[in-house]
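K.L.:
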Amino acid sequence: MSGKRRGMSGRRRESQAAAQKMGAPAFSSDKVQKAPFAELADFIESGGPQKNASHAFASKGVGQADATRLAAYVKALGNK
């Protein structure tokens with residue numbers, strides 16, 4: 000494995016550890032995989048049930064159709 004590739008893998012592990020500390024579920028978790036697309040899309044678009052502005056991407060130009068596509072992508076990532 001090249002040095003650059005090894006470095007990228009290390010960063011990915013650091014990012015995953017940081018996400019876990021913040022309580023973010025893994026894409027492969029049952030919580031994410033069993034969630035309806037509409038629920039994931041709502042979380043992406045408006046910040047989820049808490050309507051957390053820092054997690055809402057609608058104000059950053061992500062529309063409902065984009066959020067739905069991203070939700071499908073998140074589920075696909077969990078299957079890898």
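If you read the sequence shown in the numbering used here, its first letter stands for residue 0, the second for the next number, and so on. All residues carry an ideal CB built from backbone N, CA and C; glycine is no exception.
On the premise that ILE43 lies in contact with LEU69, defined as a C-beta separation below 8 Å, what is that separation, rounded to the nearest angstrom?
P.N.:
Along the sequence shown, one-based indexing puts residue 69 at 70. Along the sequence shown, one-based indexing puts residue 43 at 44. About 5 Å separates the two Cβ atoms, so the contact holds.
K.L.:
Let me know if MET0 comes out buried or exposed under the rule of 16 or more other beta-carbons within 10 Å of its beta-carbon.
P.N.:
Here residue 0 refers to the residue found at position 1 when the sequence shown is read from its first residue. With a pLDDT of only 48 at MET0, under the threshold of 50, the placement of this residue in the model should not be trusted, and no figure is reported.
K.L.:
Tell me the rounded alpha-carbon separation between GLU38 and GLY22.
P.N.:
For this step, residue 38 is matched to residue 39 along the sequence shown. For this step, residue 22 is matched to residue 23 along the sequence shown. Near 18 Å, if we compare the C-alpha coordinates of GLY22 and GLU38.
K.L.:
Does DSSP classify LYS20 as helix, strand or coil?
P.N.:
One-based indexing of the sequence shown puts residue 20 at position 21. DSSP places LYS20 in helix when its eight states are reduced to three.
K.L.:
Roughly how many angstroms lie between the CA atoms of ALA71 and GLN19, to the nearest whole one?
P.N.:
Numbered from 1 along the sequence shown, position 72 holds the residue referred to as residue 71. Numbered from 1 along the sequence shown, position 20 holds the residue referred to as residue 19. Whole-angstrom Cα-Cα distance: 21 Å.
K.L.:
Note down the Cα distance separating ALA16 from ALA64, rounded to an integer number of angstroms.
P.N.:
Here residue 16 corresponds to residue number 17 of the sequence shown, with the count starting at 1. Here residue 64 corresponds to residue number 65 of the sequence shown, with the count starting at 1. C-alpha separation (whole angstroms): 30 Å.
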